[in-house]
Amino acid sequence: MPATIETYSVPSIYSESTYYSVKADQIGVPVISFLTDRDYDYAHFSFSGETTITITVCEPIDTYSISPLAFEMQGTAEGNTLTFNMAESRYLIVKINNLKELVLIADPLEVNVPPASGNGIYHVVTDYNADCTGKSLATHAIQEAINSASSAGGGIVYVPEGVYLIGNLTLKSHVTLYLQGGAVLRATDQKEDYTVDFHKDSLNYDGTWLIQTEPNSTHIAITGRGTIDGNGSWLRANQNFVSNLIVPIATSNFTIDGIIGRDAGLWALIPTRSNHVKIANYKGFQSLVDYEDDAIDIVESQHVRVIHTIAISEDDPFSTKTWNEATDIAKNWPGTPQVLEDVVFDDCVAWTCCAAFKVGMGVEQAQRHVVFKNGYVYQASRAIAIHHRFGTFPAEYITFENIDIEQVIHHRNGPFWLHLEIEDSGRGIGPVNHVILKNINVRDQGRLPSMLRGTDSFLIENVTFEQIYMNGSTKPAASLEEMNIRNLARYSLNEIRSMNEVL
1 MPATIETYSV PSIYSESTYY SVKADQIGVP VISFLTDRDY DYAHFSFSGE
51 TTITITVCEP IDTYSISPLA FEMQGTAEGN TLTFNMAESR YLIVKINNLK
101 ELVLIADPLE VNVPPASGNG IYHVVTDYNA DCTGKSLATH AIQEAINSAS
151 SAGGGIVYVP EGVYLIGNLT LKSHVTLYLQ GGAVLRATDQ KEDYTVDFHK
201 DSLNYDGTWL IQTEPNSTHI AITGRGTIDG NGSWLRANQN FVSNLIVPIA
251 TSNFTIDGII GRDAGLWALI PTRSNHVKIA NYKGFQSLVD YEDDAIDIVE
301 SQHVRVIHTI AISEDDPFST KTWNEATDIA KNWPGTPQVL EDVVFDDCVA
351 WTCCAAFKVG MGVEQAQRHV VFKNGYVYQA SRAIAIHHRF GTFPAEYITF
401 ENIDIEQVIH HRNGPFWLHL EIEDSGRGIG PVNHVILKNI NVRDQGRLPS
451 MLRGTDSFLI ENVTFEQIYM NGSTKPAASL EEMNIRNLAR YSLNEIRSMN
501 EVL
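Position 366, counted from 1, in the sequence shown is what full-length UniProt numbering calls 366; the numbers after and before it change by one each time, with no gaps.
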């Protein structure tokens, strides 16, 4: 079936790649240069059907890889051109020669695209005169549209293609913020344009919640193929100021579908003290240079699903956390601390210099029933981690299943593929128990031995390993030693099961 392909223009504030050009079935797909040459470029389009991807590079192709390798994408290189076919939505990382990577975002076609006008549509330009050129602040106009939709009992705030300079925005109940492909909500250059919502002690910077939800709100969504840009690298370097990009806080039935969240400068997307949250088709693009720039942190929330998402960050791209009122960033959060429960990360691609799929370090409230499944690790210092460093509450019933690990090469507390640790940091210690690791393909185990370490007060208890494949072997490992787990202390195993035993 011929493909249907939708592409998006390059926003005026971004530069196109000097390394790559991309076509999908001979239709040009713009490639955006992200931040620095130490980062990556990305190309974004949506499609259905089957398409042929053609990547043309600035030099002859000697070597290439198409990750995740688990997808087994077969390409053909000739001269400066690499071609391969795609038949479903994929988030890929293409490495050619020694050039910086190309992140290829092939989204599914949008569904339920709203009209630009009509009953229940609040168009920020035609109805509220928002500046779409990026030359003046659009905060007031967009907030006015949100307020109007909320006052009417709900509606869609429509943001068309263009660049919109914003300070803080507050989303309200029964309102969908729709960002058309090519639309960018861009944080301004000046910290005076924001409220100060917290102080980050480790950086000694003030910070803000760029886009947040109204407390006790419900049924809020951010959808479309547009971008929310925190301008974080600039603010951090020039204003000593940071932001959480998107903060669904004290809300329920919150959805993000399809957008790009980029360059927050600190932890980016952090659903906090919320429930029934869905994150789908999300692209979290953070710097590979700045420290403490987690892409997605699920914080003290319940019934959360993160589905078909790619997250790239120097610090943890996918993690769960719980804090208390004394924690720096949590001091102004509404409500009281909550447990974290029933959180699932499914079909997620991680690229990081730190831990790819992680529970902790903060376990100031209980964390239970967390699942990472069908995940792909491109690069990390630790691919899988439970690091109980702060707090006295349990991290329990944690599952890692069907995870493919490509490169464990970075040095932040590594490199080793598995990190299960209770660490006494002086801020309390607590238990880790009922951990399952099942069908893990460890293509690269890292240079150092992996860790399974409890404390005198708390063992890491009831750990089950099932079908762990090391370094290309088709035979599952039968011992901790075969899994290169040698940094050991105070733990208990349920069992180590091989494929034959499972059958």
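Just so you know, even glycine gets a beta-carbon here, dropped at the ideal spot from N, CA and C.
Query: Identity of the residue in D201, S150, I422 and S425 nearest A326 by Cα; Result: D201
Query: Rounded straight-line distance, which links the Cα of G118 to that of L288; Result: 42 Å
Query: Presumed contact (8 Å Cβ cut-off) between I13 and V184, rounded CB distance; Result: 7 Å
Query: G120 classed as buried or exposed, judged by whether at least 16 other C-beta atoms fall within 10 angstroms; Result: exposed
Query: Whole alpha helix (DSSP H) elements within the region 268-322, 4-residue minimum; Result: none
Query: 8 Å Cβ cutoff met for M470 and H419; Result: no
Query: N244 versus N97: straight-line alpha-carbon distance, rounded; Result: 35 Å
Query: S151 beta carbon less than 8 Å from that of P108; Result: no
Query: Helix, strand or coil at K358 [DSSP, three-state]; Result: strand
Query: Three-state secondary structure (DSSP) of F71; Result: helix
Query: Candidates F416, V113, T76 and D62: closest to R225 by CA position; Result: V113
Query: Simplified DSSP assignment, three categories, for Q407; Result: strand
Query: Contacts around D342, its chain only, beta-carbon distance under 6 Å, and the 5 residues preceding and following it disregarded; Result: Q302, H303 and H369
Query: Residue from R90, Y19 and F34 with nearest C-alpha to I53; Result: R90
Query: Exposed unless 16 or more other CB atoms sit within 10 angstroms - verdict on L493; Result: exposed
Query: Cβ pair count under 8 Å reaching 3, the region 119-133 against the region 64-75; Result: no
Query: Assigned secondary structure, V502 (DSSP; H/G/I helix, E/B strand, else coil); Result: Low confidence applies here, because V502 scores a pLDDT of 37, under 50, leaving its location unreliable; read the following figure in that light. If DSSP states are grouped into helix, strand and coil, V502 belongs with the helices.
Query: Helix, strand or coil at D346 according to DSSP, with G and I counted as helix; Result: strand
Query: Complete runs of the beta strand (DSSP E) confined to the region 372-396 [at least 3 residues]; Result: 382-390
Query: Spatial neighbours of A43 in its chain, beta-carbon cut-off 6 Å, leaving aside the 5 residues before and after; Result: V22, V29, V31 and L104
Query: Stretch-stretch touch, CB-based, cutoff 8 Å, three pairs: the region 81-88 with the region 138-149; Result: no
Query: Simplified DSSP assignment, three categories, for T139; Result: helix
Query: Spatial distance of N324 from N253 (CA atoms); Result: 24 Å
Query: Sequence-distant residues of the same chain with beta carbon closer than 8 Å to D293, five excluded per side; Result: G232, A264, G265, L266, W267, A268, Q286, S287, S313, E314 and D315
Query: Residues bridged to I32 (per DSSP); Result: E16 and Y42
Query: Exposure of L503, with buried meaning 16 or more beta-carbon neighbours within 10 Å; Result: For L503, the predicted structure reports a pLDDT of 28, less than 50, and the residue's modelled location is therefore unreliable. A value from the coordinates is still provided. Answer is exposed; the Cβ neighbour count stays below 16.
Query: A356 and A380 closer than 8 Å at C-beta; Result: yes
Query: Which of helix, strand or coil DSSP assigns to S492; Result: strand
Query: Within 8 Å, strictly: CB atoms of T195 and N168; Result: yes
Query: From L165, Q180, Y397 and A237, residue whose alpha carbon lies closest to that of L210; Result: L165
Query: Residue environment, K358, which counts as buried when at least 16 other CB atoms sit within 10 Å; Result: buried
Query: Pick from I220, A187 and H219 that is closest to G207, judged by C-alpha positions; Result: A187
Query: Beta-carbon spacing of D456, E406 below 8 Å; Result: no
Query: R486 to P476 span [Cα, whole Å]; Result: 17 Å
Query: DSSP-derived helix/strand/coil call for L235; Result: helix
Query: Between the CA atoms of W417 and L137 - distance to the nearest angstrom; Result: 46 Å
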